[in-house]
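See structure below.
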Amino acid sequence: MPKKARPAGDGKEQGPVPKQVKVEAACGPSSPLNFDSPSGLFESFISPIKTETFFKEFWEQKPLLIQRDDPALATYYQSLFRLSDLKSLCSWGIYYGRDVNVCRCVHGKKKVLNKDGRVHFLQLRQDFDQKRATIQFHQPQRFKDELWRIQEKLECYFGSLVGSNVYITPAGAQGLPPHYDDVEVFILQLEGEKHWRLYQPTVPLAREYSVEAEDRIGRPTHEFTLKPGDLLYFPRGTIHQADTPEGLAHSTHVTISTYQSSSWGDFLLDTISGLVFDTAKADVALRAGIPRQLLLAESIAVATRLSGFLRMLADRLEGTKELPSADMKKDFAMNRLPPYYMGDRAKLVAPGGQLPGLDSTVRLQFRDHVVLTVGPYQDPSDETRGEMVYVYHSLRNRRDTHMMGNETESYGLRFPLSYMDALKQIWNSSAISVKDLKLTTDEEKQNLGFFYPGGGGGLEFKMNIQGHNTLAFVIGLPLTSRTS
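In the working numbering, the protein residues as written are 58 to 541.
Below you can see the structure in the form of structure tokens.
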């Protein structure tokens, strides 16, 4: 499930992004999950397994099967998505390829049965009943409030994007051939039963999706049947296939996935470019030109020279207080779900309350939705170049485009580097007095100033730390391309 690309499909993508549609039961079951905090949510999500046990024994290591005989939990799981939900979704306008894939596994290969354009429920149901096709619904959290609620908390918990797909398969059918994914996967069985077979990875912690031939994967390491209320976890790279048993009702499960491109290697690649940029400003050796014709014929001497540069960068990194500009942080803030909030969303980002005095106490309400990073800044009005603090947030992100590959706009503010300590104080404190902020003057403490050149002219915007509101209310201005 790519971060910035639509889910893979062989059908044509057509039509506009659908309006935010809610497909909810009139009176859904009460949730057995704990939404008080991200850690509380995850603990209840994998119950009765303890979080410490999960990360010590299973995470990125081996599959975990949690089979539960809990009618209340089964009813709750069923409410997350049903086959019957597709009828109302189709009436609002969903499209083949973008929102839905229709497919079958035939002789070990995936056969896509997508039509063109808009999905009509009668045609979809006919393919499901007569062709025994699997219906794959992309990113249902765009429409189902409870999935939005779960995935938003999981994104806070993991600090990584969390996507989902629903798979609905008729009895006696299989939708996909054996394959492995590049994401950590949690399977929730919602309706019916699904027979699963897992196999030893050929590429542990794989970085890419791949289909595997039956004659290459050997015997299953795990074989079992999921029933409503059951949960399955397996690491990226785990080869798997699943089918709905004959003689039973259809199966519906949701795959909740995370940690795509979130390895140490990815983080190193993200950090090293900013580190090289910053080091080159201070060290002329990195600004010197490469040897003539180096690109035509490399040598051992070049590898030795690069090794020396890498050792120098490692030494500099150990003495760095702030990591250089991190695109991974910005990408996460730009593409994740907004906070789960069922009231007036305008209140999330509208300034309000009295301006703070030095004796006011302030707090950061949506800390899990805000990231701080340091990066270069160049004012287009002059050639001055320096580092700034960037504060990105996801309060204005669109739920209806989550994980769909749409171009996204970053929201946040930038500050002089001298404001970092004060911003960290707000970030790390449950509440803090304005007079205790680590800024030079009382005026700076009361008003963190920011000048934003908006469309049609300049807009002066004072970032007022609200006594009864929060920083989250005032970081709602879109950053321009100058932040890149």
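The beta carbon of each residue, even a glycine, is placed where N, CA and C say it ideally should be.
Computed from a predicted model, the values in this text were never measured in an experiment.
- Boundaries of the beta strand (DSSP E) harbouring R254: 251 to 256, taken from the DSSP string.
- Of the other Cβ atoms in all chains shown, 16 or more fall within 10 Å of the Cβ of F99; this residue is therefore buried.
- G85 has its alpha-carbon roughly 14 Å from the corresponding atom of R206.
- Taking L421 as reference, the option from K481, M477, G443 with the minimal CA-CA separation is K481.
- Within the same chain, and ignoring the five residues on either side of D493 in sequence, the residues whose Cβ sits closer than 8 Å to its Cβ are Q482.
- By the criterion of at least three beta-carbon pairs nearer than 8 Å, the segment 238 to 252 is in contact with the segment 278 to 291.
- For the pair G294 and Y237, the CB atoms are nearer than the 7 Å cut-off.
- Taking a 10 Å sphere around the C-beta of L352, we find fewer than 16 other C-beta atoms and assign the residue as exposed.
- Going by beta carbons, L415 and D499 fall inside the 7 Å limit.
- Here K167 is not near L255, since their CB atoms are 7 Å or more apart.
- In the three-state DSSP reduction, Y398 falls in the coil class, being neither helix nor strand.
- Residue environment analysis places A270 among the exposed positions, since fewer than 16 neighbouring C-beta atoms fall within 10 angstroms of its C-beta.
- If you ignore the 5 residues before and after A263, its C-beta comes within less than 6 Å of the C-beta of Y237, D239, R293, G294, all in its own chain and listed in chain order.
- According to DSSP, Q118 shares a beta bridge with no other residue.
- With a beta-carbon spacing of about 20 Å, D372 and D327 fall beyond the 8 Å limit used to define contacts.
- For N392, the closest of F138, D126, F111, R456 by C-alpha to C-alpha distance is R456.
- Taking C-beta atoms as the reference points, T226 and S308 count as a pair closer than 7 Å.
- One Cα belongs to V219, the other to E209, and the distance between them is close to 8 Å.
- The C-alpha of R161 is placed about 35 Å away from the C-alpha of N454.
- When the beta-carbon positions are compared, Y449 and R471 stay at least 7 Å from each other.
- Around the beta carbon of P396, a 10 Å sphere encloses 16 or more other beta carbons of the protein chains shown; the residue is thus reported as buried.
- For the segment 293 to 325, there is no continuous alpha helix (DSSP H) assignment of 4+ residues that stays within its boundaries.
- By the neighbour-count criterion, in which a residue is buried when 16 or more other Cβ atoms sit within 10 angstroms of its Cβ, P197 is buried.
- Distances from the CA of D335 to each of D323, C213, L452, E379 were compared; the closest alpha carbon is that of E379.
- Spanning the alpha carbons of Q135 and G432 requires a straight line of approximately 46 Å.
- Between the C-alpha atoms of L367 and W321 there is a straight-line separation of about 17 Å.
- Taking a cut-off of 8 Å on C-beta distances, the segment 124 to 131 does not touch the segment 296 to 306, as fewer than three cross pairs fall below it.
- Per DSSP, the beta bridge partners of Y152 are R175.
- The beta carbons of I313 and S221 sit closer together than 7 Å.
- Distance from the CA of D156 to the CA of F194, rounded to the nearest whole angstrom, comes to 6 Å.
- Boundaries for K284: no beta strand (DSSP E) harbours it, and the DSSP string shows neither H nor E there.
- With 16 or more other CB atoms across the displayed protein chains lying within 10 angstroms of its CB, N158 is buried.
- For K284, the closest alpha carbon among the candidates T315, D272, P381, E250 is that of E250.
- Membership of V242 in the beta strand (DSSP E) is indicated by the continuous run 241 to 248.
- By alpha-carbon distance to L363, the top candidate from G174, R273, V333 is V333.
- About 5 Å separates the beta carbon of T282 from that of H252, a gap short enough to meet the 8 Å contact definition.
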